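Under my numbering, the residue at position 10 of the sequence shown is numbered 29, and the numbers go up by one with no gaps. Working notes for the structure below.
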Amino acid sequence: MASKRPLNAAISWVKRQPPKVKAFMAVVAGMATLVFIRFIVHDHDNLFVAAEAAHAIGILVLIYKLTKEKTCAGLSLKSQDLTALFLAVRLYCSIVMEFDIHTLLDSCTLVTTLWVIYMIRFKLKSSYMEDKDNFSILYVVIPCAVLALLIHPSTSHVFVNRICWAFCVYLEAVSVLPQLRLMQNTKIVEPFTAHYVFALGVARFLSCAHWVLQVLDTRGRLLTALGYGLWPPFVLLSEVVQTFILADFCYYYVKSVVGGQLVLRLPSGVV
20 MASKRPLNAA
30 ISWVKRQPPK
40 VKAFMAVVAG
50 MATLVFIRFI
60 VHDHDNLFVA
70 AEAAHAIGIL
80 VLIYKLTKEK
90 TCAGLSLKSQ
100 DLTALFLAVR
110 LYCSIVMEFD
120 IHTLLDSCTL
130 VTTLWVIYMI
140 RFKLKSSYME
150 DKDNFSILYV
160 VIPCAVLALL
170 IHPSTSHVFV
180 NRICWAFCVY
190 LEAVSVLPQL
200 RLMQNTKIVE
210 PFTAHYVFAL
220 GVARFLSCAH
230 WVLQVLDTRG
240 RLLTALGYGL
250 WPPFVLLSEV
260 VQTFILADFC
270 YYYVKSVVGG
280 QLVLRLPSGV
290 V
């Protein structure tokens with residue numbers, strides 16, 4: 020009985036913390052778990068494969084919503100625009116700098132994203148929540164462009180290509196912000212949109228974990244392989260930012276699912 024008291028006290032303390040503190044602790048706990056897995060799983064590339072699979076599941080959920088439900092309510096067109104932009108830039112970089120399997124994956128994702136944009140902008144325009152999708156994309160595009168000019172790879176590639184590479188890395192990290200703002204404005208998130216955003220959160224968490232474990236495995240040599248200066252740590256920071264941005268939403272998503280609620284209700288202050 021006495022052994023249970025500290026545990027109960029710890030659980031009660033966690034419950035009293037603000038949502039963003041809980042989300043941060045969840046990320047830290049998740050990273051700690053994956054660091055432990057590092058010692059029992061030899062091929063950490065499986066995490067990257069899992070991240071790609073989670074992203075694909077999210078896209079399939081989105082396709083189902085648009086084709087079967089015939090509605091784009093709750094989806095941010097601006098987030099899709101930002102996604103198409105960083106995918107197009109990354110695809111360009113992949114073609115001119117390092118053509119590999121990721122080039123094919125990015126091509127498929129870009130085509131799907133452009134189809135989603137077409138459906139929202141034309142076919143399902145009547146259900147688009149334009150008044151709620153009020154996040155200005157210039158607030159993220161311009162800072163990302165400026166940051167890319169200041170901090171970019173120090174490789175031997177053409178200067179413009181290095182700028183583009185940095186730009187798509189930074190933009191990907193914040194491309195989901197308009198979607199989160201829209202959900203915050205509506206306060207109520209229908210199931211398929213919630214599933215889609217949660218899948219993005221899982222994908223980005225696994226991708227971040229893959230980077231962290233790779234850095235640990237190489238004892239930091241992976242970062243030096245990317246170049247020198249501020250660029251290597253900023254790449255890793257971008258991965259962490261992607262995870263943290265979605266951590267708050269994922270916390271409420273899991274809480275809603277565990278509670279048996281089909282519709283996710285977000286309290287004020289989330290995002």
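Cβ coordinates follow ideal geometry from the N, Cα and C atoms, glycine included. A quick note: this is a predicted structure, and the numbers were derived from the prediction, not measured.
For Phe186, the CB contacts under 7 Å within the same chain, skipping 5 residues up- and downstream, are Val108, Cys163, Ala164, Ala167 in chain order. The beta strand (DSSP E) runs of length 3 or more contained entirely in the stretch 61-130 do not exist; there are none. The shortest CA-to-CA distance from Phe105 to any of Ser95, Tyr270, Ser126, Ala266 is the one to Ser126.
According to the DSSP assignment, Leu249 belongs to no alpha helix (DSSP H), since it is labelled neither H nor E. Taken in chain order, the complete beta strand (DSSP E) segments of 3 or more residues contained in the stretch 151-192 number zero; there are none. Here DSSP, grouped into helix, strand and coil, assigns Val208 to strand. Burial state of Gln36 is exposed, judged by a 10 Å Cβ sphere holding fewer than 16 other Cβ atoms. Val221 counts as buried, since at least 16 other C-beta atoms from the protein chains shown sit within 10 angstroms of its C-beta.
The beta carbon of Val193 sits closer than 6 Å to the beta carbons of Val159 from its chain, once the five residues preceding and following it are set aside; these are given in chain order. One alpha carbon belongs to Ser257, the other to Glu149, and they sit about 29 Å apart. Here the stretch 217-232 lies against the stretch 260-271, with 3 or more beta-carbon pairs under 8 Å apart.
Between the beta-carbon of Asp152 and that of Lys97 there is about 6 Å, and that keeps the pair under the 8 Å contact cut. Nearest neighbour of Val135 by Cα position, chosen from Ala213, Pro210, Lys84, Ala70, turns out to be Lys84. Three or more Cβ pairs closer than 8 Å define a contact, and the stretch 71-84 meets that threshold against the stretch 114-133.
A distance below 6 Å between beta-carbons, with the five flanking residues on each side excluded, links Leu201 to the following residues of its chain, in chain order: Ser95, Lys151, Asp152. DSSP, read as helix, strand or coil, puts Tyr147 in coil. The criterion of a C-beta distance shorter than 8 Å is not satisfied by Leu225 and Ala48.
The closest CA to that of Met44, considering only Thr262, His176, Val195, Phe141, is found on Thr262.
Straight-line measurement puts the Cα of Ala92 at about 5 Å from the Cα of Tyr147.
Around the beta carbon of Pro252, fewer than 16 other beta carbons sit within 10 angstroms, so the residue counts as exposed. Taking the Cα positions, Cys227 is about 32 Å away from Arg140.
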